[in-house]
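A.B. asks:
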Amino acid sequence: MRVAASLRQKIEQNLAPTRLDIRDESARHAGHGTHAGEESHFALVVVSDAFTGKSRVERHRIVHTLLAEELSVGGVHALALTALTPQEDRAA
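Each residue of the sequence shown is one higher than the one before, counting from 48 in my numbering.
#1: State buried or exposed for Arg168, treating a residue as buried only when at least 16 other CB atoms are found within 10 Å of its CB.
#2: Can you give the Cα-Cα distance for His124 and Ala90, rounded to whole angstroms?
#3: Could you tell me which of Ala115, Leu118, Ala127 sits nearest to Val93, measuring between CA atoms?
#4: Could you tell me whether the Cβ atoms of Leu131 and Leu54 are closer together than 9 Å?
#5: Output yes or no for whether 9 Å exceeds the beta carbon distance between Asp71 and Ala51.
Below, the structure written as structure tokens:
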């Protein structure tokens with residue numbers, strides 16, 4: 048399974064997001080050597096009720112825990128994360 052598909056599957060199954068944007072930014076980092084031609088740099092926007100009442104740090108920990116395999120051995124080198132509640136997303 049491709050990295051982006053794995054990220055999507057885990058987030059959808061565990062957080063039931065009302066919005067999930069996954070942007071592969073790997074091409075912007077070409078020439079970094081170890082990740083040439085691979086999916087390695089991502090920007091995520093995750094909007095979920097699961098984040099209600101959680102601090103920004105807690106939200107990031109939730110997502111990082113879900114994606115631990117991809118972050119450790121699955122090839123994700125960099126992850127820019129925005130984690131919002133549906134109310135915060137509507138206000139943005």
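Here a beta-carbon is modelled for each residue, glycine too, at the ideal position from N, C-alpha and C.
C.D. replies: Working from what's here:
#1: Missing from the structure shown is residue 168; the chain here goes from 48 to 139 and no further.
#2: Within the sequence shown, numbered from 1, the residue matching residue 124 stands at position 77. Within the sequence shown, numbered from 1, the residue matching residue 90 stands at position 43. So the alpha carbons of these two residues sit roughly 11 Å apart.
#3: Locating residue 93 in the sequence shown gives position 46, where the first residue counts as 1. The option with the nearest alpha carbon to Val93 is Ala127.
#4: Locating residue 131 in the sequence shown gives position 84, where the first residue counts as 1. Locating residue 54 in the sequence shown gives position 7, where the first residue counts as 1. Cβ atoms of Leu131 and Leu54: not closer than 9 Å.
#5: Position 24 of the sequence shown, counting from 1, holds the residue named residue 71. Position 4 of the sequence shown, counting from 1, holds the residue named residue 51. Yes.
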